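Quick note on numbering: the sequence shown equals residues 91 to 406 in my numbering.
Backbone N, C-alpha and C fix where the C-beta goes; we use that ideal spot for every residue, glycine too.
On a predicted model such as this, the values are computed, not experimentally measured, just so you know.
Notes for the one structure printed next.
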Amino acid sequence: MIQIMVRKKTSHLLSLLDYAHTRIELKKKLNKVSTAELYQVAVNHFLKFTGNAGFCMEELNRTQISDFAAYLQCKGLAMNTINSYQSSLRAIYNAACYDGLLRPKEHPFQGLKLKRESTVKRAVPVTLIRKLTSFKTDGSHSQELAVDLCLFSFLACGMPFVDMAYLTAGNIRNGELVYNRRKTGAQIRMEITTGMWQLIRKYAPADGEREFLFPILPSGSPTHSQYKHCLALHNKELKEIGDKLCIPVHFTSYVIRHSWASAALQSGVSVAVISQGLGHSSEKTTRYYLSELDVSELTKANRIISGSINCLFSGG
91 MIQIMVRKKT SHLLSLLDYA HTRIELKKKL NKVSTAELYQ VAVNHFLKFT
141 GNAGFCMEEL NRTQISDFAA YLQCKGLAMN TINSYQSSLR AIYNAACYDG
191 LLRPKEHPFQ GLKLKRESTV KRAVPVTLIR KLTSFKTDGS HSQELAVDLC
241 LFSFLACGMP FVDMAYLTAG NIRNGELVYN RRKTGAQIRM EITTGMWQLI
291 RKYAPADGER EFLFPILPSG SPTHSQYKHC LALHNKELKE IGDKLCIPVH
341 FTSYVIRHSW ASAALQSGVS VAVISQGLGH SSEKTTRYYL SELDVSELTK
391 ANRIISGSIN CLFSGG
């Protein structure tokens, strides 16, 4: 178990900056680097809002939380981003309470409801995914790899880029691909299809050449910064590919994942199975994930059900 000592200031008040730092360092040690980065950005925004780098957590109240949200809105941030920052602050505050460092008479986040906004649909139809198989690259290895990783992701139930990047030969067991999601820890097992085998063999490393199946990360222990750099380069290639194929959304690695989920839903696959394929920690997460994808199917169903009534309004 990892233990981190938290030191209070001599005034016996708990510095938000100091305590947040301990939580951020803990998340990094637990390989939750993205969460650590989110905590850091949230705290930076909040301290800038208060204008007080020495802000103490005992001073936090509901009015400040509400005003902080309004401050972020004025800066033009999206509601989902604002929710993420508020949620991060709440997580830090709750951790301090659990550690026995805070004993508030009234919890400043009590009653806070974070309602996510529906984002712009990011899925594309399978017909566009098929076009990738015959896409003429610019001849560069990086663009060819980007196309192949997109196809592998789709074939592997929308596997995230981060999980593809860390695949090794050890994840191949008796004709199955077995791996744990780096984000949730959920184990996923799936049959390796013909297309997946073809792509694996295409990039299979020679003995001792590299650690990972795909030539994305350097061998050894890649840093989070190295991973983010690889992801940025991958998405840069995808943007060019998306422009050439006239894909109607900003084409990123996330679009492939969303597209697999959308295709599965439209094919009648249950939410439970889609959740398993995506490696979500709960079906609730999957239902939110799919909520924007249901719209087109709901529209078609509603046209059938209410068509005769609509005709009455149009004089049909």
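Task: Close Cβ partners of Ala-259 (< 7 Å) along its chain, the five nearest in sequence each way excluded - done: Here residue 259 corresponds to residue number 169 of the sequence shown, with the count starting at 1. Excluding residues within five positions, the ones whose Cβ falls inside 7 Å are Leu-303.
- [ ] In angstroms with no decimal places, state the Cα-to-Cα distance between Val-216 and Arg-271.
- [x] As a working mapping, residue 216 is identified with position 126 in the sequence shown. As a working mapping, residue 271 is identified with position 181 in the sequence shown. Roughly 24 Å between the two C-alpha positions.
Open item on the list: Less than 8 Å between the C-beta atoms of Leu-204 and Gln-176, yes or no?
Closed with: Counting from 1 along the sequence shown, the entry for residue 204 is found at position 114. Counting from 1 along the sequence shown, the entry for residue 176 is found at position 86. Going by C-beta atoms, Leu-204 is nearer than 8 Å to Gln-176.
Task: The beta strand (DSSP E) enclosing Asn-270, as first and last residue numbers - done: Stepping through the sequence shown from its first residue, residue 270 is reached at position 180. Where Asn-270 is concerned, the enclosing beta strand (DSSP E) stretches over 266 to 270.
TODO: Identify the continuous beta strand (DSSP E) that holds Gln-277 and give its terminal residues.
DONE: Residue mapping note: residue 277 aligns to position 187 of the sequence shown, counting from 1. Counting along the chain, the beta strand (DSSP E) containing Gln-277 begins and ends at 277 to 281.
- [ ] Measure the C-alpha to C-alpha separation of Thr-140 and Gln-154 and round it to an integer number of angstroms.
- [x] For the purposes of this step, residue 140 is identified with residue 50 of the sequence shown, where counting begins at 1. For the purposes of this step, residue 154 is identified with residue 64 of the sequence shown, where counting begins at 1. Going by the C-alpha atoms only, they are around 9 Å apart.
Open item on the list: What residue range does the alpha helix (DSSP H) around Val-237 cover?
Closed with: Mapped onto the sequence shown, residue 237 falls at position 147. Segment 231 to 245, the alpha helix (DSSP H) holding Val-237.
Task: Same chain, Cβ closer than 8 Å to Glu-266, five either side skipped, listed in chain order - done: What you label residue 266 is simply residue 176 of the sequence shown in a count that begins at 1. Around Glu-266: Arg-279, Met-280, Glu-281, Ile-282.
TODO: Using a threshold of 8 Å, state whether the C-beta atoms of Leu-179 and Ala-132 are closer than that.
DONE: The count along the sequence shown starts at 1 and reaches residue 179 at position 89. The count along the sequence shown starts at 1 and reaches residue 132 at position 42. It is a contact, given that the beta carbons lie within the stated cut-off.
TODO: Report the rounded CA-to-CA distance for Ser-243 versus Thr-223, giving the unit in angstroms.
DONE: Counting from 1 along the sequence shown, the entry for residue 243 is found at position 153. Counting from 1 along the sequence shown, the entry for residue 223 is found at position 133. Each residue's alpha carbon lies about 13 Å from the other.
TODO: Could you tell me which of Leu-192, Leu-120, Glu-115 sits nearest to Leu-150, measuring between CA atoms?
DONE: Position 60 of the sequence shown, counted from the start, is the residue given in the question as residue 150. Among Leu-192, Leu-120, Glu-115, the Cα nearest to that of Leu-150 belongs to Leu-192.
Task: Inter-residue Cα distance where the pair is Pro-194 and Tyr-188 - done: Position 104 of the sequence shown, counted from the first residue, corresponds to residue 194. Position 98 of the sequence shown, counted from the first residue, corresponds to residue 188. Going from the Cα of Pro-194 to the Cα of Tyr-188 covers about 12 Å.
Open item on the list: Distance check for Cys-146 and Lys-318, CA to CA, integer angstroms please.
Closed with: Against the sequence shown, residue 318 aligns to sequence position 228. Against the sequence shown, residue 146 aligns to sequence position 56. So the alpha carbons of these two residues sit roughly 33 Å apart.
Open item on the list: Considering just the uninterrupted stretch of the alpha helix (DSSP H) at His-348, what are its terminal residues?
Closed with: Against the sequence shown, residue 348 aligns to sequence position 258. Where His-348 is concerned, the enclosing alpha helix (DSSP H) stretches over 343 to 356.
TODO: Could you tell me whether the stretch 155 to 165 touches the stretch 103 to 115, where touching means 3 or more Cβ pairs closer than 8 Å?
DONE: no
Open item on the list: With H, G and I counted as helix, E and B as strand and the rest as coil, what does DSSP make of Arg-152?
Closed with: Indexing the sequence shown from 1 puts residue 152 at position 62. The answer is helix: DSSP assigns Arg-152 an H, G or I state.
Open item on the list: Our contact map puts Val-359 next to Arg-212 with C-beta atoms below 8 Å; I'd like the distance itself, whole angstroms only.
Closed with: If you number the sequence shown from 1, residue 359 lands on position 269. If you number the sequence shown from 1, residue 212 lands on position 122. Contact flag wrong, Cβ pair sits at about 19 Å.
- [ ] Return the CA-CA distance between Ile-182 and Leu-355, expressed in angstroms with no decimal places.
- [x] Sequence index remark: in the sequence shown, residue 182 carries index 92 (1-based). Sequence index remark: in the sequence shown, residue 355 carries index 265 (1-based). Using only the alpha carbons, I get a separation of about 36 Å.
TODO: Report the option in Phe-251, Lys-273, Leu-167, Ser-156 whose CA atom is closest to the CA atom of Leu-124.
DONE: If you number the sequence shown from 1, residue 124 lands on position 34. The question names Leu, yet the displayed sequence has Ser at residue 124. Closest option to Ser-124, Cα to Cα, is Lys-273.
Task: For Arg-263, three-class secondary structure by DSSP - done: As a first step, residue 263 must be located in the sequence shown, where it is residue number 173. Reduced to three states, the DSSP call for Arg-263 is strand.
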